[in-house]
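Trainee: So the protein lines, in turn, are chains W and H. Residues 66 to 402 (the working numbering) are what the first sequence spells out, left to right. Residues 66 to 402 (the working numbering) are what the second sequence spells out, left to right. We treat Cβ as the ideally placed atom computed from N, Cα and C, and that holds for glycine. Just dropping this structure here.
Protein chains: 2
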Amino acid sequence: MKRLWAAAFLALCLISANVQAADDPLPSWNDGTAKQAILRFVQATTDRSNAKFVAPEERIATFDQDGTLWVEHPIYTQVVYCLERVPTVVAKKPQLKNAEPFKTVLSGNREAIAKLTLPDLEKILAATLTGMTVDEFQAEAKNWLATARHPRWQRPYMELVYQPMLEVLNLFRTNGYRTYIVTGGGQDFVRVYSEQVYGIPPEQVVGTAGGTKYGFDKEGRPDLTKEPRLLLNDNFAGKPEGIHLVIGRRPHAAFGNSTGDQQMLEYATIANGAGLGMLLLHDDAAREYAYGPAKGLPDTEVGTFTQPLYDEAKKRGWFVISMKNDWKRLFPFDNGP
Amino acid sequence: MKRLWAAAFLALCLISANVQAADDPLPSWNDGTAKQAILRFVQATTDRSNAKFVAPEERIATFDQDGTLWVEHPIYTQVVYCLERVPTVVAKKPQLKNAEPFKTVLSGNREAIAKLTLPDLEKILAATLTGMTVDEFQAEAKNWLATARHPRWQRPYMELVYQPMLEVLNLFRTNGYRTYIVTGGGQDFVRVYSEQVYGIPPEQVVGTAGGTKYGFDKEGRPDLTKEPRLLLNDNFAGKPEGIHLVIGRRPHAAFGNSTGDQQMLEYATIANGAGLGMLLLHDDAAREYAYGPAKGLPDTEVGTFTQPLYDEAKKRGWFVISMKNDWKRLFPFDNGP
Chain W
66 MKRLWAAAFL ALCLISANVQ AADDPLPSWN DGTAKQAILR FVQATTDRSN
116 AKFVAPEERI ATFDQDGTLW VEHPIYTQVV YCLERVPTVV AKKPQLKNAE
166 PFKTVLSGNR EAIAKLTLPD LEKILAATLT GMTVDEFQAE AKNWLATARH
216 PRWQRPYMEL VYQPMLEVLN LFRTNGYRTY IVTGGGQDFV RVYSEQVYGI
266 PPEQVVGTAG GTKYGFDKEG RPDLTKEPRL LLNDNFAGKP EGIHLVIGRR
316 PHAAFGNSTG DQQMLEYATI ANGAGLGMLL LHDDAAREYA YGPAKGLPDT
366 EVGTFTQPLY DEAKKRGWFV ISMKNDWKRL FPFDNGP
Chain H
66 MKRLWAAAFL ALCLISANVQ AADDPLPSWN DGTAKQAILR FVQATTDRSN
116 AKFVAPEERI ATFDQDGTLW VEHPIYTQVV YCLERVPTVV AKKPQLKNAE
166 PFKTVLSGNR EAIAKLTLPD LEKILAATLT GMTVDEFQAE AKNWLATARH
216 PRWQRPYMEL VYQPMLEVLN LFRTNGYRTY IVTGGGQDFV RVYSEQVYGI
266 PPEQVVGTAG GTKYGFDKEG RPDLTKEPRL LLNDNFAGKP EGIHLVIGRR
316 PHAAFGNSTG DQQMLEYATI ANGAGLGMLL LHDDAAREYA YGPAKGLPDT
366 EVGTFTQPLY DEAKKRGWFV ISMKNDWKRL FPFDNGP
């Protein structure tokens, strides 16, 4: 009998904890326009009596990754991966040792590396992300992610996810939305950790994708080899194209943080007020970084929140999330609110 | 009290009906090697104590469409759609009226139409499947599907699905598998009806896909225009490539009916016995059609079950489904068994 009472008490505690969580599904958010907009959207689109009701099968929400779900500064995680893969690639192909841009990367000279051009970077991406089988690539990326550390926090990159955004992903999912990552980063790279980090399975990751070539490995096992042939550049107009290619439905909510996300937000929100468009502004140099409009970066740069994007957000009724003011807590490892 | 008894009786009836259904999830299949192979695979891969157990998140089963899930003879449904769209396209672009191959199609001369070459067909596909927005295309295809009839059965194409395969799809889904269509047909076309016909949502359809161009329509609404630019030819080696692009996981079961499905089956089954590979043999001229090895069709033709494919199936431990012997019932509109 005592055990029964104990079980009942435990059950009551769990219920009460659930009610508390249900009271505020976004505990790491300060009250404000952004938080209210998210809550209002989810409430309206799941209420059958509301004009904005969205049928369960149509509930798709898309999220940019770099700078929206996790830290993108000072360098995109995937670019760090590619740079750090260079010694391994050169060990296998010694003829690259004295060829640029590999020579510069091997020198370890940070200033010189920071000055590499876009064509240089493309050569590095092609050399480090293609030529191996999909299975080999997944194993290599997984190994690297387990040991690499972000220079500022000295923690694995996979820990540098925004706790407030994990709460948003969870809020959408508990309300019947399927959450998709729609990233300018490599689809294959993000799929390696998306389930573990965000609870998003590989089939719900849309990203920049290259072609693959079907064949058999040495053991006669069928596999795909990654080729340096671009199928989808999942940035700017490429984001709605990627969404159509992989999902085939128009999202009702989209989260981004840069000019590379503008078209995705347009596509998801259509007219003012019908869908939810959210942009994260990095204005928190103390806890993370401050960049975007304040820095006067060129309009065309991906990964930046430009003044024209800010103006477009106002025009289209999108909401701007201020990291500094809207977020109580940044990372899961921070002390909770 | 009477009502309570009535409710209890009803509940019992429902339970008993469920038990009956659970007894045989494939009632339209005759007992035989093919049926037993499917049941054994599902049982083994969902049993934690079995060496072949597949974790729930990895449960992916892929199905070719034309000739595997529905009738593909005498002409692929989508090709019929394209041919029947020609008058509408020509009405909008009168300069095509006297240009080949449109002139032949407009003539209605069946013999001449049957002799159109592959490049002719490609011109027709490009003219009828591209140039419009995705929304326009979906509306057009939906309208056509609602009125078009198959010449033999005089029924909508959407009714010509194989009841035994609907039961297989359902069996896999009730056992935690996500079922995907992986078709050589157009991804956008199949997505129009996949949910209604197979219970498969658009995001679980992988098919031959073209590029799209992002822009705004006359009302300023963002949309995508279908372009005559091939992104993925989802046939032969293109099937594993498409599976990787859209799903990012290796399936554990694959169903097909032709040489165009061989690589998908190789990719899904890896070594003998580890995964399930099934090929449908059309050997039932009385109830449907007989084609494939018996007809001596060229090995390279998509949509055919050639002798080399038959030999490969034996070598790799795939199972051949004989439509004539394994299926009690073909279509949902047939009298049930």
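(1) Going by beta-carbon coordinates alone, are Tyr-242(W) and Ala-355(W) separated by less than 9 angstroms?
(2) I'd like the ranges of any alpha helix (DSSP H) spanning at least 4 consecutive residues and lying wholly in the region 220–256 of chain W.
(3) Do you know how far the Cα of Ala-274(H) is from the Cα of Gly-250(H)?
(4) State the DSSP-derived secondary structure class of Gly-307(W), mapped to helix, strand or coil.
(5) Could you tell me how far apart the beta carbons of Pro-266(H) and Ser-93(H) are, in whole angstroms, since I believe they sit closer than 8 angstroms?
(6) Is there a Cβ of chain H sitting closer than 9 angstroms to that of Tyr-263(W), yes or no?
(7) Exposed or buried, what is Leu-183(W) when buried is set at 16 or more other beta-carbons lying within 10 Å of its beta-carbon?
(8) With a threshold of 9 angstroms between beta carbons, is Leu-362(W) in contact with chain H?
(9) Under 7 angstroms Cβ to Cβ from Gly-97(W), same chain only, skipping five residues before and after it: list those, please.
(10) Quick check: the region 127–137 of chain W against the region 300–320 of chain W, are there 3 or more CB pairs under 8 angstroms?
(11) Given a threshold of 16 other Cβ atoms within 10 Å of its Cβ, counted over all protein chains shown, does Phe-398(W) qualify as buried or as exposed?
(12) Which residues mark the beginning and the end of the alpha helix (DSSP H) in which Pro-139(H) is found?
(13) Going residue by residue through the region 110–196 of chain H, where are the continuous alpha helix (DSSP H) segments of at least 4 residues, counting only ones entirely within it?
(14) List, in chain order, every chain W residue whose beta-carbon is nearer than 8 angstroms to that of Val-233(H).
(15) Does the distance from the C-beta atom of Lys-291(H) to that of Ala-302(W) stay below 9 angstroms?
(16) Using DSSP with H/G/I as helix, E/B as strand and the rest coil, what is Phe-281(H)?
(17) Going by Cα to Cα distance, which pick from Gly-132(W), Met-197(W), Val-247(W) is closest to Lys-304(W)?
(18) Any beta-carbon of chain H closer than 9 angstroms to the one on His-309(W)?
(19) List the residues of chain H that Glu-331(W) touches, going by C-beta distances under 8 angstroms, in chain order.
(20) DSSP beta-bridge partners for Thr-295(H)?
(21) Are three or more beta carbon pairs between the region 148–156 of chain H and the region 168–181 of chain H nearer than 8 angstroms?
(22) In the structure shown, what three-state DSSP assignment does Gly-325(W) receive?
(23) Does any C-beta atom of chain W lie closer than 9 angstroms to the C-beta of Glu-122(H)?
(24) For Ala-351(W) and Tyr-141(W), I'd like the C-alpha separation in whole angstroms.
(25) State whether the region 101–108 of chain W contacts the region 337–348 of chain W, with contact taken as three or more CB pairs (one from each stretch) at a distance under 8 angstroms.
(26) Run down chain H in chain order and give the residues with a C-beta less than 9 angstroms from the C-beta of Ile-335(W).
(27) Return the first residue and the last residue of the beta strand (DSSP E) that Ser-387(H) is part of.
(28) Using DSSP bridges, identify the partner residues of Phe-320(H).
(29) State the Cα-Cα distance for the pair Arg-214(W) and Leu-225(W), rounded to the nearest angstrom.
(30) Does Leu-346(W) pass the burial test, meaning 16 or more other C-beta atoms within 10 Å, or should it be called exposed?
(31) Can you give me the Cβ contacts of Val-199(W) inside the same chain, cut-off strictly under 6 angstroms, excluding the 5 residues immediately before and after it?
(32) Is it buried or exposed for Ala-192(W), if we count other Cβ within 10 angstroms and need 16 for buried?
(33) Assuming the contact rule is C-beta atoms closer than 8 angstroms, Phe-384(W) and Ala-116(W) should be a hit. Round their C-beta distance to whole Å, please.
(34) Taking CB distances under 9 angstroms as the criterion, tell me whether Thr-324(W) reaches chain H.
(35) Exposed or buried, Asp-88(H), counting other C-beta atoms within 10 Å across all chains shown (16 or more means buried)?
Mentor: With the structure as the only source:
(1) Cβ distance not < 9 angstroms, so Tyr-242(W) and Ala-355(W) don't count as in contact.
(2) You should have 228–239.
(3) 9 angstroms
(4) helix
(5) At roughly 24 angstroms, the Cβ-Cβ gap does not stay under 8 angstroms, so Pro-266(H) and Ser-93(H) are not in contact.
(6) no
(7) exposed
(8) Unreliable positioning characterises Leu-362(W) in this predicted model, as indicated by a pLDDT of 44, which lies under 50. The coordinate reading is nonetheless provided below. No - not a single Cβ of chain H is within 9 angstroms of the one on Leu-362(W).
(9) Asn-390, Asp-391
(10) yes
(11) exposed
(12) Here Pro-139(H) belongs to no alpha helix (DSSP H), and DSSP marks it neither H nor E.
(13) 142–157, 167–172, 175–179, 183–194
(14) Within chain W, no residue comes near Val-233(H); the closest Cβ sits about 21 angstroms away, beyond 8 angstroms.
(15) no
(16) strand
(17) Val-247(W)
(18) Interface with chain H (9 angstroms Cβ-Cβ cutoff): His-309(W) is included.
(19) Pro-287
(20) With the sequence shown as reference, residue 295(H) is identified as Leu, and Thr is not the correct amino acid for it. When DSSP reads this structure, Leu-295(H) sits in a beta bridge with Gly-275(H).
(21) In short, these stretches touch, since the Cβ pair count reaches three.
(22) helix
(23) yes
(24) 20 angstroms
(25) yes
(26) Under the 9 angstroms cutoff, chain H gives Arg-286, Pro-287.
(27) 384–387
(28) DSSP, once it has assigned bridges, lists Phe-128(H), Met-343(H) as partnering Phe-320(H).
(29) 10 angstroms
(30) buried
(31) Leu-289
(32) buried
(33) About 20 angstroms separates the beta carbon of Phe-384(W) from that of Ala-116(W), a gap too long to meet the 8 angstroms contact definition.
(34) So, not an interface residue.
(35) Exposed.
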